[in-house]
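Chains as they are written, first to last, in the working numbering: chain A, 244 to 351; chain B, 89 to 437; chain C, 110 to 642. Quick reminder that beta carbons are idealized off the backbone N, C-alpha and C, glycines included. Step one of this worksheet: look at the structure below.
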Amino acid sequence: MQDTLPFQVESLVSEPGAVRLVMTGELDFGAADEASAAVDKALAEDLRLLELDLAGLKFIDSSGMAVLMNAYMGAGECGAGFRIVALTPYLRHLIEVVALDDVLGLPD
Amino acid sequence: MTPDLEAATERYLELIGRADEYGAVDLVVGLIDGGVPAEDVLLRVIAPGQRRVGELWASNEWSVAREHGATAVSERAVAAVSGHVRPAPTRGRVAVACADGEYHALPTRIMAEVLRLRGWDVDFLGASVPGPHLITHLHQTGPDVVALGCTLPTRLPRAHATIAACQAVGIPVLAGGAGFGADGRYARLLGADAWAPTADAAADRLAAGLPSFPAAYNGAAHLGDEEYTYLTRHRAELLSRVMDTLRESYAPMGGYSARQLEHTGEDLGHLADFLIAATYVHDASLFTDFVTWTCRVLVARNVPAESVVLGLGVFHDVLTDCPRARALLTEGVTAARTCCAVRRTETSV
Amino acid sequence: MKWATGSADPRHRAASPDLMAALLERGGEGVVLCDADGVVTLANPAAVRLVPRLEPGLPLPALLDVVPSAPEGRTVTYGGREIRVRAEELGEGRTAWYLTAETPREPQQTLRTKFLLEAARRLSASLNPHRCARAATELGTDFLCDAAIVLLPPTARRRMEWVRAVSGSSGPDEGVVSAAAAAEVPGLTDALAGLREDAAGRQDPAGTPDWLLPEGFGPVGHLLVLPLPGNAVPAGAIALARRAGRPPFGEDDQVMARDLATRAGAAISAASLFREQSTVNAILTGDLLPPDLPEIEGMRLAGRLRASQQAGAIGGDFYDVYLPEAAPESGIVHRPPLVILGDVCGKGARAAVLAGQVRHSLRTLLLLESRPERLLELLNRSLLASPSPNSYVTLILAALRSAPGDHVLVDLAVAGHPPPLVLRRDGTVEEVAVRGSLLGALKKISLWPVTLDLGPGEVCLLYSDGITEAFGGPSGREMFGEERLKRALATCAGMPVDALVERLEQLSTEWLRGGQQDDRALLAVRAGRGTSR
Numbered sequence: 244m245q246d247t248l249p250f251q252v253e254s255l256v257s258e259p260g261a262v263r264l265v266m267t268g269e270l271d272f273g274a275a276d277e278a279s280a281a282v283d284k285a286l287a288e289d290l291r292l293l294e295l296d297l298a299g300l301k302f303i304d305s306s307g308m309a310v311l312m313n314a315y316m317g318a319g320e321c322g323a324g325f326r327i328v329a330l331t332p333y334l335r336h337l338i339e340v341v342a343l344d345d346v347l348g349l350p351d
Numbered sequence: 089m090t091p092d093l094e095a096a097t098e099r100y101l102e103l104i105g106r107a108d109e110y111g112a113v114d115l116v117v118g119l120i121d122g123g124v125p126a127e128d129v130l131l132r133v134i135a136p137g138q139r140r141v142g143e144l145w146a147s148n149e150w151s152v153a154r155e156h157g158a159t160a161v162s163e164r165a166v167a168a169v170s171g172h173v174r175p176a177p178t179r180g181r182v183a184v185a186c187a188d189g190e191y192h193a194l195p196t197r198i199m200a201e202v203l204r205l206r207g208w209d210v211d212f213l214g215a216s217v218p219g220p221h222l223i224t225h226l227h228q229t230g231p232d233v234v235a236l237g238c239t240l241p242t243r244l245p246r247a248h249a250t251i252a253a254c255q256a257v258g259i260p261v262l263a264g265g266a267g268f269g270a271d272g273r274y275a276r277l278l279g280a281d282a283w284a285p286t287a288d289a290a291a292d293r294l295a296a297g298l299p300s301f302p303a304a305y306n307g308a309a310h311l312g313d314e315e316y317t318y319l320t321r322h323r324a325e326l327l328s329r330v331m332d333t334l335r336e337s338y339a340p341m342g343g344y345s346a347r348q349l350e351h352t353g354e355d356l357g358h359l360a361d362f363l364i365a366a367t368y369v370h371d372a373s374l375f376t377d378f379v380t381w382t383c384r385v386l387v388a389r390n391v392p393a394e395s396v397v398l399g400l401g402v403f404h405d406v407l408t409d410c411p412r413a414r415a416l417l418t419e420g421v422t423a424a425r426t427c428c429a430v431r432r433t434e435t436s437v
Numbered sequence: 110m111k112w113a114t115g116s117a118d119p120r121h122r123a124a125s126p127d128l129m130a131a132l133l134e135r136g137g138e139g140v141v142l143c144d145a146d147g148v149v150t151l152a153n154p155a156a157v158r159l160v161p162r163l164e165p166g167l168p169l170p171a172l173l174d175v176v177p178s179a180p181e182g183r184t185v186t187y188g189g190r191e192i193r194v195r196a197e198e199l200g201e202g203r204t205a206w207y208l209t210a211e212t213p214r215e216p217q218q219t220l221r222t223k224f225l226l227e228a229a230r231r232l233s234a235s236l237n238p239h240r241c242a243r244a245a246t247e248l249g250t251d252f253l254c255d256a257a258i259v260l261l262p263p264t265a266r267r268r269m270e271w272v273r274a275v276s277g278s279s280g281p282d283e284g285v286v287s288a289a290a291a292a293e294v295p296g297l298t299d300a301l302a303g304l305r306e307d308a309a310g311r312q313d314p315a316g317t318p319d320w321l322l323p324e325g326f327g328p329v330g331h332l333l334v335l336p337l338p339g340n341a342v343p344a345g346a347i348a349l350a351r352r353a354g355r356p357p358f359g360e361d362d363q364v365m366a367r368d369l370a371t372r373a374g375a376a377i378s379a380a381s382l383f384r385e386q387s388t389v390n391a392i393l394t395g396d397l398l399p400p401d402l403p404e405i406e407g408m409r410l411a412g413r414l415r416a417s418q419q420a421g422a423i424g425g426d427f428y429d430v431y432l433p434e435a436a437p438e439s440g441i442v443h444r445p446p447l448v449i450l451g452d453v454c455g456k457g458a459r460a461a462v463l464a465g466q467v468r469h470s471l472r473t474l475l476l477l478e479s480r481p482e483r484l485l486e487l488l489n490r491s492l493l494a495s496p497s498p499n500s501y502v503t504l505i506l507a508a509l510r511s512a513p514g515d516h517v518l519v520d521l522a523v524a525g526h527p528p529p530l531v532l533r534r535d536g537t538v539e540e541v542a543v544r545g546s547l548l549g550a551l552k553k554i555s556l557w558p559v560t561l562d563l564g565p566g567e568v569c570l571l572y573s574d575g576i577t578e579a580f581g582g583p584s585g586r587e588m589f590g591e592e593r594l595k596r597a598l599a600t601c602a603g604m605p606v607d608a609l610v611e612r613l614e615q616l617s618t619e620w621l622r623g624g625q626q627d628d629r630a631l632l633a634v635r636a637g638r639g640t641s642r
């Protein structure tokens with residue numbers, strides 16, 4: 244088995260009331276819990292905007308996609324905005340396949 | 089009247105060659121209804137027909153697609169035989185499986201059917217059975233023996249793990265298929281409890297009885313040494329180094345398309361796999377036989393055998409720290425050179 | 110002691126000191142002489158072999174000194190072996206010690222060690238109750254008796270399975286007997302209740318019922334019947350029989366028999382527990398496995414499903430086929446056959462359960478609704494209402510209508526799934542332009558369904574992303590990818606559909622090269638009869 248890139252998530256306060264989660268590595272079945280926890284932690288604070296920076300995600304599977312969906316819906320439930328600020332062409336393609344590109348409001 | 093089985097095999101080959109499933113099924117069922125024993129239909133019509141398919145592919149007379157089509161039809165023909173003749177089990181239970189990674193299931197499937205015809209209660213687990221699935225099945229069903237099929241010697245390391253795992257749960261293993269060597273030498277080396285070259289020999293061997301509990305065997309402890317481990321772990325890196333070196337030293341590769349490069353990569357990958365397998369079992373002939381076969385297949389496709397000599401040479405130069413693999417490669421180069429020489433003689437005639 | 114005296118032949122003369130020394134030197138028994146001060150004056154080689162510290166001129170080792178001079182001597186342990194020591198007073202304070210290694214007990218000890226090793230090896234191997242029972246009976250005949258029979262506890266039908274080994278015959282045989290007949294075995298009822306009247310389990314051999322032993326076994330001379338201790342209830346019983354004329358089961362034999370019963374009981378009860386759980390598991394997962402694909406007039410189907418290695422045989426990928434009702438009653442909609450292929454979020458049993466729910470929901474919905482978009486909308490609603498988290502599903506729904514000239518019209522609706530590929534007769538491969546939202550996430554989903562026309566021999570391939578997202582290849586870290594899948598599919602023109610699916614699965618597995626794999630699903634529909642060209 245080849246070395247896989249470990250998943251990492253970093254939480255930045257980009258502006259007051261806004262949290263940016265920077266995810267890197269492979270967001271798969273094994274990393275989904277860690278990613279979810281980071282999302283939940285961000286949403287537990289009084290949040291106005293949740294931003295995801297996914298430019299460093301090398302791979303994502305259905306469990307990872309579920310994390311993104313949960314983040315989107317969790318933000319909606321908290322009354323916070325949701326935005327993907329950066330992503331790879333591959334991830335964009337996947338989001339288009341599941342036809343969530345309009346909903347998630349991808350950057351141009 | 090005894091039907092002429094050789095003529096039937098010719099006809100069968102023709103039918104599977106055009107993927108005529110209904111024609112092939114009608115033929116084999118007709119033979120059985122005409123009084124040919126089902127075992128003969130399997131072993132004297134379908135199996136030889138299928139062997140010819142392999143030869144026709146190797147000599148580039150049949151495409152891969154045609155070969156796969158014919159094999160799929162043969163699968164159906166075997167299924168038709170087993171659906172047509174269903175003896176009640178009178179003997180013990182056998183689990184028949186292909187080694188992990190082994191996709192040439194048909195010979196093993198035929199063995200399963202012959203055992204069934206001889207009165208065994210057979211569970212056929214199919215192609216490429218992962219070890220944990222097989223062991224779970226053994227715990228659940230408790231068969232008397234596992235019959236393990238392996239067609240390609242590159243699956244031997246994984247077959248070895250499977251044999252050991254079956255024996256560890258107390259079930260003896262009969263090894264069969266060309267992958268264990270024409271004389272079964274790798275079956276013995278890997279500690280299988282028995283070996284049979286053909287499906288009917290397997291049935292005879294099982295009828296003679298195997299120990300109900302496998303004997304403790306430590307003869308294979310030396311397999312999978314440092315060099316084998318190194319080669320397995322660094323296969324990808326090794327291949328890309330060989331590709332790079334080849335590209336530098338072999339000008340025509342500069343003009344290869346992406347697909348041609350991928351094919352070259354695959355061919356080199358197969359050489360690496362056989363090299364690794366030969367390192368595992370400590371047997372040069374495993375490697376040289378494959379080199380000779382590859383040369384034959386490539387020559388049939390108008391690729392000069394010299395390219396194999398070249399490729400093996402690069403492997404040799406790259407593998408600085410693996411004396412055993414280097415020795416194997418030297419023998420491989422000799423084998424490939426012989427093929428070049430034969431080829432030249434043929435051309436000059 | 111007798112000495113030869115008065116012979117003329119010097120060779121027959123009384124033993125000389127040399128000869129005496131030679132006798133001592135080569136004798137098998139250890140002889141040690143010591144003086145009144147307890148200093149060793151002589152120790153023959155046999156003695157030194159047993160007690161290396163013996164040396165003339167040095168004091169007698171404490172070991173020997175403390176041995177009381179009982180007439181028959183006593184046994185001491187020295188250097189890991191038992192030595193029998195006897196002392197004789199020789200007058201003038203001198204003592205002779207005679208040492209012999211205790212050997213008589215050794216064979217029994219060796220046998221017991223061998224038995225324990227073999228029992229551990231054979232009984233720990235299998236998680237199958239019958240294999241454990243076989244191992245137990247063979248251990249019995251190898252070490253203890255002429256015939257060993259394990260009886261497993263009665264089933265719900267009041268029948269008992271037995272496994273029997275007889276020394277000298279090949280492999281154990283098995284059978285079933287009614288619980289009533291089994292009760293004829295002396296002591297069996299008690300043993301199955303976990304009771305033993307005689308602690309050793311000895312039973313009257315005359316009471317052995319005929320069925321217990323094979324024909325020609327001959328009269329039984331000695332019989333032991335012991336319970337196999339299990340999970341608080343006995344795991345069965347074992348009967349050990351020796352033929353008439355053989356020695357009875359001795360003390361050591363009985364210890365070994367109890368050992369055998371204890372170990373066999375533990376093995377069989379663990380195996381029974383495993384069997385029970387795997388039976389339940391098999392029932393629960395039965396519905397989650399892919400269905401056998403039916404024959405549908407005018408087309409051929411083939412499918413392959415591989416679950417990720419960690420998760421066993423089930424996972425989040427699934428496919429299914431829904432044939433129309435043969436004679437739909439009023440109120441049940443008429444519709445063509447439908448195939449689906451999908452992927453639920455996650456892996457393993459949890460994902461498989463959701464996949465099973467989706468398949469069942471669709472089966473129910475299909476009684477009332479046949480329009481693919483409407484079906485997906487309803488399914489989406491049911492997933493949104495699901496209490497379990499991450500109920501996200503991607504799905505392709507394909508209604509298959511046969512059309513004249515061996516054509517098949519495929520009505521495709523895709524929800525968040527990679528679009529199907531089409532293999533045309535000339536070997537070109539197209540990606541179908543169809544897409545739609547994933548299910549289980551949004552209240553309102555968007556779908557753009559299409560209808561596809563397959564000519565005879567053309568193939569529509571549905572697949573899951575486990576195929577394209579397989580990491581491997583020459584570098585080990587490259588994704589198989591859609592392009593490679595398309596190229597592979599293009600080489601399959603003219604193949605029967607099952608060969609095609611098998612080839613694609615094989616290519617993707619080879620690409621993985623034994624690396625970690627995700628769930629992978631393939632389902633192909635080929636227009637026309639099986640024969641190509």
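Nearest to residue 632 of chain C by CA position, among C/533, C/412, C/525, is which residue?
C/412
In three-state DSSP terms, what is residue 162 of chain C?
coil
Restricting to Cα atoms, I'd like to know which of B/100, B/139, B/109, B/92 is closest to residue 123 of chain B.
B/92
Could you name each continuous alpha helix (DSSP H) segment of 4 residues or more that falls completely within the region 120-180 of chain B, going from the start of the chain to the end?
126-129, 135-146, 152-172
Across which residues does DSSP place residue 255 of chain A in a beta bridge pair?
A/263
What runs of the alpha helix (DSSP H), each 4 residues or longer, lie entirely inside the region 376-422 of chain B?
394-406
Just to make sure I have the definition right: I need the residues of chain C whose C-beta is within less than 7 Å of the C-beta of residue 341 of chain A. Which are they?
503, 525, 546, 547
Check the DSSP bridge columns for residue 99 of chain B and list the partner residues they point to.
DSSP lists no partner for residue 99 of chain B.
Could you have a look at residue 186 of chain B and say whether DSSP puts it in helix, strand or coil?
strand
Please classify residue 225 of chain B: does DSSP put it in a helix, a strand, or coil?
helix
Would you please verify whether the beta carbon of residue 314 of chain A is less than 8 Å from any beta carbon of chain E?
Considering every chain present, this structure includes no chain E. Its protein chains are A, B and C.
Residues in its own chain within less than 8 Å of residue 210 of chain C by CB, not counting five upstream and five downstream?
159, 190, 191, 192, 193
Distance CB(residue 531 of chain C)-CB(residue 543 of chain C) smaller than 8 Å
no
For residue 392 of chain C, is the classification buried or exposed, using 16 other Cβ atoms within 10 angstroms of its Cβ as the cut-off for buried?
exposed
Inter-stretch contact at 8 Å, needing at least 3 Cβ pairs: the region 588-595 of chain C / the region 382-389 of chain C
no
May I ask which residues mark the beginning and end of the alpha helix (DSSP H) holding residue 372 of chain C?
360-395
Is residue 313 of chain A buried or exposed, if buried means 16 or more other CB atoms sit within 10 Å of its CB?
buried
Which one of C/234, C/497, C/183 has the shortest CA to CA distance from residue 256 of chain B?
C/234
Under the criterion of a Cβ to heavy atom distance below 7 Å, does residue 332 of chain A qualify as lining the ligand ZN?
As far as ligands go, the structure on display features none, and thus does not contain the ligand ZN.
Closest to residue 185 of chain C by CA distance: which of C/198, C/207, C/613 is it?
C/207
Per DSSP, which one or two residues make a beta bridge with residue 516 of chain C?
C/512
Any residues in the region 272-301 of chain C with a beta carbon nearer than 7 Å to a beta carbon of chain B? Which ones, in chain order?
279, 280, 281
Using a Cβ-Cβ cut-off of less than 9 Å, list which residues of the region 341-353 of chain B approach chain C; keep chain order.
347, 350, 353
Where do the ends of the alpha helix (DSSP H) carrying residue 357 of chain B lie?
346-369
Rounded C-alpha distance that separates residue 366 of chain C from residue 242 of chain C
14 Å
Whole-angstrom C-beta distance between residue 529 of chain C and residue 521 of chain C, which should lie under 8 Å:
7 Å
State buried or exposed for residue 334 of chain C, treating a residue as buried only when at least 16 other CB atoms are found within 10 Å of its CB.
buried
What number of angstroms, rounded off, separates the C-alpha of residue 291 of chain C from the C-alpha of residue 269 of chain C?
7 Å
When you compare the CB of residue 499 of chain C with every CB in chain A, is at least one pair closer than 8 Å?
yes
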